[in-house]
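Remarks on the structure that follows.
In the numbering used here, the protein residues as written are 45 to 414.
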């Protein structure tokens with residue numbers, strides 16, 4: 045009962061705080077004595093703080109406001125991607141306190157070597173956080189592949205199969221698909237919209253469907269493999285064994301060609317390079333065709349383009365919208381809005397950290413040792 049009440053109080057503060065203890069008692073239906081005891085425990089754990097004076101004290105007198113604290117409790121977000129390792133530390137108010145990115149070539153790599161490098165990044169990042177007075181209480185890792193019960197079942201671009209990464213560090217730890225966590229990153233740190241389809245453009249192309257503030261994962265956690273929607277039935281072969289998949293036309297390799305990086309491609313586009321413009325036109329059209337199928341099946345009200353699609357959005361927006369509009373005009377009139385991600389390249393690592401923050405809010409007794 046006490047654990048449940050702690051969660052009720054902390055969730056109320058998180059959702060609509062700050063509140064006085066009297067206001068918390070009124071909103072939660074708990075007694076003032078109970079609320080005072082619970083707030084004291086949360087103060088001791090560093091989850092909340094008391095400051096200032098707001099209306100709502102006894103007999104209308106100003107009371108002390110209880111709000112989430114960003115000074116002691118923090119979460120660690122991690123990401124293994126094809127060409128980098130990333131980490132960020134986020135406090136309980138969802139303020140990003142640290143960001144670290146290490147360039148790396150992780151294609152067809154040895155999991156043991158990459159995870160050793162990630163362990164070093166974890167040690168460095170948590171040490172920096174502790175130096176700022178933060179206690180990292182848990183972490184989550186975003187990976188570019190399918191995950192089941194903490195095991196990375198398949199990450200073709202990494203060359204990994206059945207790799208247990210859930211035991212990476214001595215923290216409460218979760219592992220999830222990069223696109224799913226990127227969608228949650230957009231939800232918690234971006235637009236705040238509760239319903240949208242997030243499309244993650246990387247070497248592969250994934251998607252996360254957010255419905256009512258929750259990611260839809262499918263029966264086996266494989267929902268969102270947008271990169272393998274067929275856009276040209278007799279097109280080039282894809283690594284999945286099919287032909288004409290979206291990834292062949294709009295994945296990072298297809299967009300960059302011989303170029304070394306996305307910034308280099310952006311420079312070419314800004315200078316009006318014809319080949320670069322045609323590449324983005326072709327990729328945007330293919331993406332629009334694939335998204336048409338997603339709209340027919342899922343009916344999202346908004347589509348958010350993230351990953352490498354974010355910096356390329358000015359050149360993709362037109363062809364994506366054109367392909368969607370041409371195919372949806374007769375059936376539904378106005379197509380869903382297509383917008384750029386507000387979290388950019390940080391979406392997945394932010395979503396990973398945010399996942400831990402949500403767990404603290406939902407289960408403060410267990411996560412904070414209360």
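Backbone N, C-alpha and C fix where the C-beta goes; we use that ideal spot for every residue, glycine too. Quick caveat: nothing in here was measured; it's all calculated off a predicted structure.
- Here the stretch 182-192 makes contact with the stretch 217-225; the two share three or more CB pairs at distances below 8 Å.
- The C-alpha of residue 111 is placed about 46 Å away from the C-alpha of residue 372.
- Bridge pairing for residue 123: 130, 186 [DSSP].
- Counting only runs of at least 4 residues, the stretch 258-345 fully encloses the following alpha helix (DSSP H) elements, listed from N- to C-terminal order: 290-294, 296-300, 306-314, 318-342.
- Within the DSSP bridge table, the entry for residue 221 names 187 as partners.
- In this structure, the straight-line span from the alpha carbon of residue 339 to that of residue 268 is close to 13 Å.
- 67 is the residue among 124, 67, 145 whose C-alpha sits nearest the C-alpha of residue 109.
- In the structure shown, the three-state DSSP call for residue 80 is helix.
- By the CB criterion at 8 Å, residue 182 and residue 333 fall outside the cutoff.
- In the three-state scheme derived from DSSP, where H, G and I count as helix and E and B as strand, residue 60 is classed as helix.
- The residue among 156, 176, 198, 134 with its C-alpha nearest the C-alpha of residue 395 is 134.
- Look at residue 90 here: in three-state DSSP terms it is coil, with no helix or strand label.
- In the DSSP annotation of this structure, the continuous segment of the alpha helix (DSSP H) that includes residue 398 starts and ends at 391-406.
- The stretch 312-322 and the stretch 229-240 do not touch, with fewer than three beta-carbon pairs separated by less than 8 Å.
- Spanning the alpha carbons of residue 305 and residue 239 requires a straight line of approximately 32 Å.
- Between residue 50 and residue 414, the C-beta gap is smaller than 8 Å, which places the two residues in contact.
- Between residue 180 and residue 186, the beta carbon gap of about 17 Å keeps them out of contact (Cβ cut-off 8 Å).
- Of 153, 145, 178, 175, the smallest CA-CA separation from residue 164 is found for 145.
- With 16 or more other CB atoms across the displayed protein chains lying within 10 angstroms of its CB, residue 291 is buried.
- Between residue 87 and residue 54 the beta-carbon gap is near 11 Å, outside 8 Å, which marks them as no contact.
- For residue 206, there is no enclosing alpha helix (DSSP H); the enclosing beta strand (DSSP E) has its first and last residue at 204-208.
- Under DSSP, the beta-bridge partners assigned to residue 95 are 109.
- For the pair residue 158 and residue 331, the Cα-to-Cα distance works out to about 31 Å.
- With a cutoff of 8 Å on beta-carbon distance, residue 293 and residue 275 are scored as near each other.
- Counting only the Cα atoms, residue 121 lies some 26 Å from residue 346.
- A check of alpha carbon separations from residue 284 across 260, 200, 247 identifies 200 as the nearest.
- Its Cα nearest to that of residue 357, the residue 299 stands out among 299, 392, 369.
- Secondary structure of residue 158 (DSSP, three-state): helix.
- In the DSSP secondary-structure assignment, residue 152 is not bridged to any residue.
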